[in-house]
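Engineer: The opening position of the sequence shown corresponds to residue 3 in my numbering, with each subsequent residue numbered one higher.
Each residue gets a CB set at the ideal place from its N, CA and C atoms; glycine is no exception.
Quick caveat: nothing in here was measured; it's all calculated off a predicted structure.
Please find one structure pasted underneath; my questions will follow.
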Amino acid sequence: MGYFAVWKVLEEMITDFRKRGTTVPANIVSDLKSAKTLINVLKADPSRLETSQKIEEYLNNVESYLISEGQRFGEKYVEDWLKRLEDASRRVFEEEESASRFVPGLPRGQRWVRVKPSGEMPVEALKALANELSLSFNVQKNGYLLVYGEDERVKDFVKKMATKYGLKAEK
């Protein structure tokens, strides 16, 4: 299943809902964000079966809500979005566009990940893990930790972080 492609279609659908003046509940948006996080974890460590299951659970929850609420806009509206979702689900796991996003101050060609420190993942522990893997990092104004460096080292960082702190997604 093309998780990222499905995620992208669901994100576009939420954007369309907002343009039409329909409010999307915070838990649905949160599920979409959690799915995106887990898609990144899956890219770093494809061997974790429970990650795929959790991604599908989040995506299915968001899709169910959006399709149900989309009925307000008519049958054709829902059919069009279902077709887009079906096409997206057939795509092979593809490279995420975030790798090409511009982050001011980073050297070209560096891979990066932003991490939100929490009680379970304090910023000092995340910095120590980044240092252990010879990665660079910056604490951003919004409190996130930007970790960057070579592609494989960033993937190792995500793997170790997921293993060490578990995959407890926010609800």
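Would you check if the stretch 30–48 and the stretch 119–132 touch, i.e. whether three or more CB-CB distances between them fall below 8 Å?
Structural biologist: For the pair of segments examined, the stretch 119–132 was found not to touch the stretch 30–48: the number of CB pairs separated by less than 8 Å stays below three.
Engineer: Does Y150 come out as helix, strand or coil in the three-state DSSP assignment?
Structural biologist: Mapped onto the sequence shown, residue 150 falls at position 148. Here Y150 sits in strand by DSSP.
Engineer: When you compare only the Cα positions, how much space is there between K129 and E81?
Structural biologist: By 1-based counting over the sequence shown, the position of residue 129 is 127. By 1-based counting over the sequence shown, the position of residue 81 is 79. Looking at the two C-alpha atoms, the distance is approximately 47 Å.
Engineer: Tell me the rounded alpha-carbon separation between V83 and N133.
Structural biologist: In the sequence shown, residue 83 corresponds to position 81, counting from 1. In the sequence shown, residue 133 corresponds to position 131, counting from 1. For the sequence presented, residue 83 should be read as Trp rather than Val. Cα-Cα distance, rounded: 44 Å.
Engineer: What does the Cβ neighbour count give for S36, buried or exposed, with the cut at 16 atoms within 10 Å?
Structural biologist: As a first step, residue 36 must be located in the sequence shown, where it is residue number 34. The residue in question, S36, is buried, as its Cβ has 16 or more Cβ neighbours within 10 Å.
Engineer: Return the chain-ordered ranges of every beta strand (DSSP E) run that is complete within the stretch 59–101 and spans a minimum of 3 residues.
Structural biologist: Here no run is fully enclosed.
Engineer: Can you give me the start and stop residues for the alpha helix (DSSP H) that R20 sits inside?
Structural biologist: As a first step, residue 20 must be located in the sequence shown, where it is residue number 18. For R20, the enclosing alpha helix (DSSP H) has its first and last residue at Y5 to K21.
Engineer: Report the residue from D153, Y146, V11 and L40 whose alpha carbon sits nearest the alpha carbon of Q55.
Structural biologist: Start at 1 with the first residue of the sequence shown, and residue 55 comes out as number 53. Taking the Cα of Q55 as reference, the smallest distance to any Cα among D153, Y146, V11 and L40 is reached at L40.
Engineer: Three-state secondary structure (DSSP) at S136?
Structural biologist: Locating residue 136 in the sequence shown gives position 134, where the first residue counts as 1. Looking at S136 - three-state DSSP - the assignment turns out to be coil, as it is neither helix nor strand.
Engineer: Do you know whose CA, among S49, G111 and F19, lies nearest Y67's CA?
Structural biologist: Looking up residue 67 in the sequence shown gives position 65. If we check each option's Cα against that of Y67, F19 comes out closest.
Engineer: In whole angstroms, what separates the C-alpha of M163 from that of V125?
Structural biologist: By 1-based counting over the sequence shown, the position of residue 163 is 161. By 1-based counting over the sequence shown, the position of residue 125 is 123. Each residue's alpha carbon lies about 12 Å from the other.
Engineer: Would you decide whether A28 is buried or exposed? Buried here means 16 or more other CB atoms lie within 10 Å of its CB.
Structural biologist: The residue you call residue 28 lines up with position 26 of the sequence shown. Burial call: exposed.
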